[in-house]
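Residue numbers (the working numbering): 1 to 177.
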């Protein structure tokens, strides 16, 4: 089991140190990911389209690509997952779920910042879509994502990679004096 350490964070003075990490998904993680996805999206999907368990199962099975999924752990316990795809000059964040009881503690921000940093090192923009009515919209906006367009059900968002300032300034090989 290969784990990629993300960060350790302290939420308040004297609080327990949290160890947030990502690990590659395994076939046994399918049920966990499905359950968490359905818990997070059911109300929104039900309002937009109506909930059809069979159709949702089939859709999830088609979209879940094990090699694109990483499980988010907190102190060794599985608490969420992300699914990303690299497509040319972009990294697409297809799924991002944190267990509801673990939300609001900075875990999602830590994971997202790491993802943004990885994309930036590769010179890639990060793209995603978020269903209308999903409170995650504000979360993504706070992290710099901007809406590029929308349709009846979703907002489509993008965050451009930060440009490096390396090589700009007096040290560019120009001599003074």
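Ideal Cβ placement from N, Cα and C applies to all residues, glycine included. Every value quoted in this text rests on a predicted model; they were computed, and no experiment measured them.
Short Cβ contact (8 angstroms threshold) for residue i with residue j
i: residue 74; j: residue 93; result: no
i: residue 69; j: residue 39; result: no
i: residue 111; j: residue 71; result: no
i: residue 160; j: residue 136; result: no
i: residue 27; j: residue 66; result: yes
i: residue 44; j: residue 134; result: yes
Residue nearest to residue i in terms of C-alpha spacing, selected from the options
i: residue 22; options: 65, 41, 80; result: 80
i: residue 48; options: 132, 64, 110, 54; result: 132
i: residue 127; options: 98, 134, 135, 87; result: 87
i: residue 108; options: 34, 157, 161, 138; result: 138
i: residue 37; options: 151, 26, 140, 63; result: 63
i: residue 41; options: 98, 106, 150; result: 98
Cβ separation of residue i and residue j, assumed to be a contact under 8 angstroms, to the nearest whole Å
i: residue 96; j: residue 129; result: Contact flag wrong, Cβ pair sits at about 11 angstroms.
i: residue 142; j: residue 158; result: Not really, about 15 angstroms apart at Cβ, beyond 8 angstroms.
For residue i, the residue or residues it bridges with in DSSP
i: residue 111; result: Bridge partners of residue 111: none, in fact.
i: residue 127; result: 92, 158
i: residue 81; result: 71, 97
i: residue 86; result: 91
i: residue 150; result: 155
_Contact the region 98-106 vs the region 118-125: 3+ CB pairs below 8 angstroms_ = no
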